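Undergrad: Below: one structure in structure tokens.
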Amino acid sequence: LRELQVDLRSNPAIFIGGGSILLRPFLEQSPLVAKADFVENPNANALGYEMLGNQKLHILTQAPGSEGLA
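FYI, the numbering used here numbers position 27 of the sequence shown as 28, with every residue one higher than the one before it.
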């Protein structure tokens, strides 16, 4: 995040997945993080990628000339 110049002192952050469970105590105490919300489901990232993949597949199968994808 530092390389991307994301300033968590002025921007709220949402931490997702199993890693967020491990880091939560440190992030909540850090003066470098002003506002943080946590999605503690360890499968949250996988579920999100599944949703994105299904959406993309739906778009590809609805495109003209995509008969071979269905």
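Even for Gly, the Cβ is constructed at its ideal location relative to N, Cα and C.
Fair warning: this is a prediction, and the values are worked out from it, not measured in the lab.
In terms of alpha-carbon separation, which member of A64, S31, L24 lies closest to I39?
TA: It is worth fixing the name first, because residue 39 is Phe in this sequence and not Ile. It is L24.
Undergrad: Indicate whether L9 and A35 have their beta-carbon atoms separated by less than 8 Å.
TA: For L9 and A35, yes; Cβs fall inside 8 Å.
Undergrad: Helix, strand or coil: which one does DSSP assign to A45?
TA: A45: helix per DSSP, three-state reduction.
Undergrad: Can you tell which of Q6, E4, L28, R3 has its C-alpha closest to the C-alpha of I15?
TA: Out of Q6, E4, L28, R3, L28 has the C-alpha closest to the C-alpha of I15.
Undergrad: Within 10 Å of its beta-carbon, does S21 have 16 or more other beta-carbons around it, so buried, or fewer, so exposed?
TA: So S21 ends up on the buried side.
Undergrad: With DSSP as the reference, please indicate the residues paired to I15 in a beta bridge.
TA: I15 is bridged to D38.
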